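Enquirer:
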Amino acid sequence: MGPKQAISTGIRKTFVFSGRASRSEFWWFAPIAIVLPISAALLFDWSVLVNWGTSRLLVITAASLPLLSAMCRRLQDTGEDGHQALYPFATVFIVWLGYHVFLGFGLLIGGPILLFLLVIFLFVPVFLIAIVTSALAASNVIGLMLVASDPDKNRFGVPREEGFA
2 MGPKQAISTG
12 IRKTFVFSGR
22 ASRSEFWWFA
32 PIAIVLPISA
42 ALLFDWSVLV
52 NWGTSRLLVI
62 TAASLPLLSA
72 MCRRLQDTGE
82 DGHQALYPFA
92 TVFIVWLGYH
102 VFLGFGLLIG
112 GPILLFLLVI
122 FLFVPVFLIA
132 IVTSALAASN
142 VIGLMLVASD
152 PDKNRFGVPR
162 EEGFA
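Every number in this note's numbering is 1 more than the matching position in the sequence shown, counting from 1.
1. Give the C-beta separation of proline 89 and alanine 138 to the nearest angstrom, bearing in mind that I take them to be a contact with Cβ-Cβ under 8 angstroms.
2. Using DSSP with H/G/I as helix, E/B as strand and the rest coil, what is glycine 80?
3. Going by DSSP, which residues form a beta bridge with asparagine 155?
4. Tell me the residue span of the alpha helix (DSSP H) that contains alanine 24.
5. Using only the alpha-carbon positions, how far apart do serine 9 and leucine 118 sit?
6. Hey, how far is the Cα of serine 56 from the Cα of alanine 91?
7. Would you kindly report the start and end of the unbroken alpha helix (DSSP H) that includes glutamine 85?
8. Taking 6 angstroms as the limit between beta carbons, can you name the residues of its chain near leucine 69, skipping five residues before and five after?
9. Please report the distance separating the alpha-carbon of isoleucine 143 from that of serine 25.
10. Can you find at least 3 beta carbon pairs, one from the region 12-28 and one from the region 73-80, that sit closer than 8 angstroms?
11. Taking only the alpha-carbon atoms, compute the straight-line gap between valine 171 and arginine 156 and give it to the nearest angstrom.
12. Taking the alpha carbon of lysine 5 as the reference point, which residue from Val17, Pro32, Phe18 and Gly20 has its own alpha carbon closest?
13. How big is the Cα-Cα spacing for arginine 13 and alanine 7?
14. If I follow the unbroken alpha helix (DSSP H) through phenylalanine 128, where does it start and stop?
15. When the distance is taken between beta carbons, is alanine 42 closer than 8 angstroms to isoleucine 61?
16. Would you mind working out which of Gly83, Leu58 and Leu37 sits nearest arginine 21, comparing C-alpha positions?
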């Protein structure tokens with residue numbers, strides 16, 4: 002599959018998490034799909050929003066859907082479960098959730114001093130662990146997406162033809 006066809010297929014299948022995607026289909030589309038959430042994070046004017054943290058997470062998640070669906074289909078093409086595409090992003094969500102819990106707990110119980118202590122002794126180490134975990138999960142998922150397609154029919158369907166357009 003050529004670049005034009007792969008990009009149009011990736012955009013068309015933004016909400017399709019079933020089926021299979023060949024290596025060329027995914028890797029031609031991946032650079033375009035990675036630019037979408039990065040652009041959303043950098044170009045959106047977050048200062049106009051009251052609850053910018055939650056809004057940012059929702060906008061970036063929505064912009065990441067084409068990439069997530071393509072990753073899911075690519076993993077299924079190799080015979081792996083597609084839900085593994087969420088593993089690198091799960092730690093980001095956990096850190097975001099932990100931040101909001103610590104913020105609410107610190108302000109509710111002890112004010113800014115307790116919040117500072119919670120951040121220093123709990124949130125920073127958890128954040129560092131989450132970064133390492135996310136990097137390991139991402140490297141594993143990328144490795145799985147580099148594997149050749151399952152040549153036979155698997156539980157996710159029949160393989161797509163690798164024709165060049």
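Built from N, CA and C at the ideal position, the CB exists for glycine as well. Because the structure is a prediction, the values reported are computed rather than measured.
Expert: Concretely, from the data shown:
1. 5 angstroms
2. Coil at glycine 80, not helix or strand.
3. Residue pairing of asparagine 155 in beta bridges, as defined by DSSP: Gly158.
4. Correcting the residue identity first, residue 24 is arginine in this sequence and not alanine. Element bounds for arginine 24: 24-44.
5. 50 angstroms
6. 17 angstroms
7. Careful: glutamine 85 lies outside any alpha helix (DSSP H) and carries neither H nor E.
8. Ala86.
9. 14 angstroms
10. yes
11. This structure leaves residue 171 out entirely; the chain is present only between 2 and 166.
12. Pro32
13. Linking arginine 13 to alanine 7 through their CA atoms gives a straight-line distance of about 10 angstroms.
14. 125-147
15. yes
16. Gly83
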